[in-house]
Structure formats: C-alpha cells, structure tokens
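Chemist: Note that my numbering has the sequence shown beginning at 162, numbered continuously upward. Each residue gets a CB set at the ideal place from its N, CA and C atoms; glycine is no exception. Okay, here's the structure, questions in a sec.
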Amino acid sequence: MPTSNDTAFLDHLADTLATLPGTHAVSLGGSRAQGTHTPDSDWDTAVYYRGSEGMFAPRCLRELGWEGEASEIGGWGGGVFNGGGWFTVEGRRVDVHYRDLDDVERVLAEAEEGRFRVEPLMFHLAGIPSYLVVAELAVNRVLRGTAPKPDRYPDALRESAPGEWWGRAEATLAYARAGFAPKGGRTEVVGAVAVAAASAAHAVLAARGEWVTNEKRLLERAGLRGVDDLVVDQGLGLAELVDRARELMAAVVEEARQGA
C-alpha cells in the first residue's frame with residue numbers, strides 16, 4: 162500500500178532519480194503529467210542523460226533496491242526509445258524511461274526540418290515515430306534539471322508527416338487486399354486494417370499539429386473508432402472490409418489535411 166501522499170511521493174521519486182550518475186533531467190509523463198490520471202495510473206518518468214558522457218548506467222538504477230527490473234541501454238530494441246525499467250515503489254507502479262539527450266537533440270533538429278523515421282516497438286501497432294521523444298518534451302513535466310522544450314509543432318513536420326503515415330497505411334491495405342483477402346486470411350486482413358488505422362491516425366494528428374506519445378487513445382483522438390464497426394461486421398467480405406476501411410480512413414485523413 163502507498164505510504165505517502167502523491168505530492169510527497171513524486172518529490173521523493175524525482176529527487177532519487179536525479180541522483181543517478183549522469184542525469185541531466187527527470188520528467189513526469191503520461192496521464193499524470195496531463196492531469197487525466199486515475200488513482201491507479203502508473204507513474205511514467207524519464208531520466209535524461211548524455212550517452213556521449215558515458216556516465217549513466219542502468220546498474221545504478223537497479224542498485225536503488227526497488228522491486229522490479231531495468232533493461233540495459235538499447236534493451237527495448239534500440240533507437241530513440243532505448244530502454245527503461247518497471248518498478249513498484251511504495252506500492253505504486255513506476256516506469257522509468259532512458260532518454261539520451263544526444264539522440265533527443267538530433268531528433269528535435271530533424272523534426273524541425275520535417276524528417277523522421279518509424280521504429281518498431283513492442284505493443285505499438287504502427288511502430289513509433291522518432292519524434293515521439295520530441296512530443297514527450299512538449300507535453301511532459303520536467304521535475305528536476307533542464308531539458309529542451311519545443312514551443313510548437315514544427316511546420317515542416319506537419320507538412321511531411323501526414324503523407325508519410327498515410328502512404329504506409331495505403332500500402333498496408335493494398336497488400337492485405339491483394340495478398341491476404343483472396344486467400345481467406347481473415348486474421349491477416351483484420352491485423353492489417355488495425356495497423357493501417359494506427360498509421361492513418363498518426364497522419365491525422367500530424368496534420369493537426371498534435372503531439373503523440375503513445376497509441377493508447379490514438380484512434381479516438383483521430384476520429385477513427387468507426388473502424389471497430391467494420392472489423393466486427395461478419396457480413397463484409399474481406400476485400401470489402403479493406404475497401405470500406407480505406408474509404409473511412411482516407412476521408413478522415415483528407416479532412417485533417419484540408420483543415421491544416
């Protein structure tokens with residue numbers, strides 16, 4: 162059971178993480194940073210360090226003695242989302258993400274120029290855009306230290322990202338229609354529609370200039386929950402399912418782009 166109130170707990174958590182060698186900043190993210198949390202919500206934190214300094218080490222996090230585990234740097238597949246840990250601290254669930262400021266600043270500069278890449282990450286249907294770490298800087302609360310904070314969604318990214326994401330969605334749907342639907346692969350078709358919907362949702366939010374930090378409410382925010390009705394409609398043939406899903410997604414993406 163929690164042994165302190167939330168304010169005291171957060172102060173203690175931030176102070177503790179800030180003492181880790183090489184730490185430049187500690188931030189609070191997720192629903193608790195945005196005020197949409199419930200009493201049972203996790204505490205999502207990030208530790209910002211510089212890999213070029215070679216001072217930050219996951220073993221120091223493990224040595225805090227918290228119940229849980231911490232990955233090595235790069236243990237979550239590498240890329241910008243480069244590892245972290247899951248812990249229980251004073252009865253509360255705490256996530257700690259590693260954020261290399263050298264990488265973050267490079268990705269921020271790329272985003273300002275409208276450039277990004279999509280990286281695979283477990284539990285994310287469409288993968289994550291490299292600019293996710295920039296989105297975190299924009300919406301998270303820095304608790305200790307300093308970290309760069311974008312003051313707006315880059316214009317160049319609003320111009321480039323919607324087309325990139327929608328192109329991925331269209332390619333996924335086209336492959337499903339040509340490769341899976343004729344063979345009766347319902348699971349494959351439904352999976353492809355889900356992946357495409359997530360990509361289309363990224364396109365919508367990028368066109369609006371809205372930051373995305375995860376996929377948890379991505380379809381709701383983009384206005385694409387209507388895809389749910391299509392994937393459970395047993396009256397649709399697989400090719401028709403793909404066609405109807407594409408029609409719905411295309412309309413929502415186009416509306417967002419026209420409104421940009």
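Put W247 into one of helix, strand or coil per three-state DSSP.
Modeler: Reduced to three states, the DSSP call for W247 is strand.
Chemist: Please classify L397: does DSSP put it in a helix, a strand, or coil?
Modeler: In the structure shown, L397 sits in coil (DSSP, three-state: anything other than H, G, I, E or B).
Chemist: Helix, strand or coil: how does DSSP classify E274 here?
Modeler: Coil.
Chemist: Answer with buried or exposed for E325, where buried requires no fewer than 16 other C-beta atoms within 10 angstroms of its C-beta.
Modeler: E325 should be labelled buried.
Chemist: Using the Cα positions of P422 and S202, report the straight-line distance between them to the nearest angstrom.
Modeler: No answer is possible for residue 422: it lies beyond the span of the chain, which begins at 162 and ends at 421.
Chemist: What are the residues that DSSP puts in a beta bridge with H173?
Modeler: BP columns for H173 are empty, so no partner.
Chemist: For F120, which of V187, R338, A400 and V241 has the nearest alpha-carbon?
Modeler: As displayed, the chain neither begins before 162 nor continues past 421, which places residue 120 out of reach and without an answer.
Chemist: Okay, do the segment 333-342 and the segment 293-311 touch, 3+ Cβ pairs below 8 angstroms being the bar?
Modeler: Judged by Cβ distances under 8 angstroms, the segment 333-342 makes no contact with the segment 293-311, as fewer than three pairs qualify.
Chemist: What residues in its chain sit with their C-beta under 8 angstroms from that of G238, if we drop five residues either side in the sequence?
Modeler: Closer than 8 angstroms at Cβ, skipping near neighbours: E280, P281, L282 and M283.
Chemist: Per DSSP, what are the beta-bridge partners of E376 in this structure?
Modeler: Its beta-bridge partners do not exist; DSSP assigns none.
Chemist: For E214, which of A359, E230, A362 and P182 has the nearest alpha-carbon?
Modeler: That would be P182, whose Cα lies nearest to the Cα of E214.
Chemist: For the putative contact between T206 and V265, defined by C-beta atoms under 8 angstroms, what is the C-beta separation to the nearest angstrom?
Modeler: Contact doesn't hold; Cβ gap of about 15 angstroms is too wide.
Chemist: Quick test of your reading: A417 and R369, contact by CB under 8 angstroms. State the CB separation rounded to the nearest angstrom.
Modeler: Indeed they touch by this definition, with Cβ atoms about 6 angstroms apart.
Chemist: In angstroms with no decimal places, state the Cα-to-Cα distance between H363 and V373.
Modeler: Going from the Cα of H363 to the Cα of V373 covers about 8 angstroms.
Chemist: Taking the alpha-carbon positions, what's the R405 to A335 distance?
Modeler: For R405 and A335, the distance between alpha carbons rounds to 12 angstroms.
Chemist: Starting from A186 and walking both ways along the beta strand (DSSP E), at which residues does that stretch end?
Modeler: First-last of the beta strand (DSSP E) with A186: T184 to G190.
Chemist: Nearest to A287 by alpha carbon, out of R313, A353 and A400?
Modeler: The option with the nearest alpha carbon to A287 is A353.
Chemist: Would you mind reading off the limits of the beta strand (DSSP E) that contains V241?
Modeler: No beta strand (DSSP E) holds V241; DSSP gives it neither H nor E.
Chemist: Please name the residue in Y209, P309 and T168 whose C-alpha comes closest to that of G245.
Modeler: Taking only the C-alpha atoms, the option nearest G245 is Y209.
Chemist: Please classify D190 as buried or exposed, where buried requires at least 16 other C-beta atoms within 10 Å of its C-beta.
Modeler: Going by the sequence as given, residue 190 is Gly instead of Asp. Buried, because 16 or more other Cβ atoms sit within 10 Å of the Cβ of G190.
Chemist: Looking only at its chain, what residues have a beta carbon closer than 6 angstroms to the beta carbon of E349, apart from the 5 residues adjacent to it on each side?
Modeler: Correct list, in chain order: F341.
Chemist: Are the CB atoms of V356 and L402 nearer to each other than 9 angstroms?
Modeler: Cβ distance not < 9 angstroms, so V356 and L402 don't count as in contact.
Chemist: Hey, quick one: how far does the beta strand (DSSP E) through T206 stretch, first residue to last?
Modeler: Per DSSP, T206 belongs to the beta strand (DSSP E) from W204 to Y210.
Chemist: Can you name the start and end residues of the beta strand (DSSP E) that R260 belongs to?
Modeler: Its beta strand (DSSP E) spans residues R253 to D261.
Chemist: Could you tell me the alpha carbon to alpha carbon distance between E381 and D263, rounded to whole angstroms?
Modeler: Using only the alpha carbons, I get a separation of about 33 angstroms.
Chemist: Use the C-beta contact count for T168: other C-beta atoms within 10 angstroms, 16 or more gives buried, fewer gives exposed.
Modeler: Counting Cβ neighbours within 10 Å, T168 comes out exposed, since fewer than 16 surround it.
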